[in-house]
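One structure is given here, and the rest of the page talks about it.
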Amino acid sequence: MRAARNTILGAVLLTSVGCSEPTGPVPGLEELGVLQVIEYGGPLLVGVDESVYWSVPPDTGVLVPPRVLVAPDSVTAGVPFEVQVTTIGMSGCWSAAGLWPRPVPGGLDLIPTDVHSGANFCTEMALYLEHDARITIATPGEYTLRVKGRRLRQGDAAWEEPVSAERTIVVR
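Going by the working numbering, the first residue of the sequence shown is number 4, and it counts up by one from there.
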């Protein structure tokens, strides 16, 4: 009886540790965020966010975040505004690690990173990971916000390719 109880207790502890939240980024386990998963076998959301232009448009059987890039249509020059990028965590062991805006001619590249907890046992459920940044653009004009990420094939740990989603905002 005692051995069975210890076995069950051990299994519960292993499960809870494997699915626990990371206490911080694990060095070497940060990766560029996932924006699309092709040949996805889980539940898919209906509809694609029409407010963004994809470098590789998602098709049937492709998992994408419901709102990959959220930003105001227009902002005031010199006034900070919020931007939110959503990536896909391929299991319960992934969490958002950061969002890094990088100025480029005509706009900003937004680079989301995600981090794996390092756990050996993870839920197999895909999650949406939110990344927030506060941005200020000093000069009026039209600017492109471009999220740069990865496109993966479910079940293929080696295959990936770059993908981006972008939209234009007006700075008054």
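The C-beta atom is built at its ideal place from N, Cα and C for all residues, glycine as well. Small disclaimer: the values here were computed from a predicted structure and weren't measured.
Output the distance between the C-alpha atoms of residue i and residue j, rounded to the nearest integer angstrom.
i, j, result
"residue 24", "residue 138", "Per-residue confidence for residue 24 stands at a pLDDT of 46, beneath the threshold of 50, marking its modelled position as unreliable; the derived number appears in the next sentence. Distance between the alpha carbons of residue 24 and residue 138: 28 angstroms."
"residue 72", "residue 147", "12 angstroms"
"residue 174", "residue 78", "5 angstroms"
"residue 113", "residue 145", "16 angstroms"
If contacts are defined as beta-carbon pairs under 8 angstroms, then residue i and residue j qualify, I think. What distance do you get, rounded to the angstrom?
i, j, result
"residue 132", "residue 97", "6 angstroms"
"residue 253", "residue 154", "Any question about residue 253 goes unanswered here, given that the chain covers just 4 to 175."
"residue 102", "residue 76", "Contact flag wrong, Cβ pair sits at about 20 angstroms."
"residue 51", "residue 67", "6 angstroms"
"residue 152", "residue 65", "Not really, about 13 angstroms apart at Cβ, beyond 8 angstroms."
In terms of residues, what are the limits of the beta strand (DSSP E) holding residue i?
i, result
"residue 1", "The shown model of the chain, from 4 to 175, leaves out residue 1, and the question about it has no answer."
"residue 168", "159-174"
"residue 115", "110-119"
"residue 138", "130-138"
By Cβ distance below 7 angstroms, which residues in the same chain neighbour residue i in space, the five residues on each side in sequence not counted?
i, result
"residue 119", "29, 32, 96, 97"
"residue 58", "166, 167"
"residue 156", "41, 42, 162"
Does the Cβ of residue i have 16 or more other Cβ atoms within 10 Å, making it buried, or fewer, making it exposed?
i, result
"residue 128", "exposed"
Please work out which residues of its chain come closer than 6 angstroms, Cβ to Cβ, to residue i, disregarding the five sequence neighbours upstream and downstream, and give them in chain order.
i, result
"residue 100", "28, 33, 116, 117, 118"
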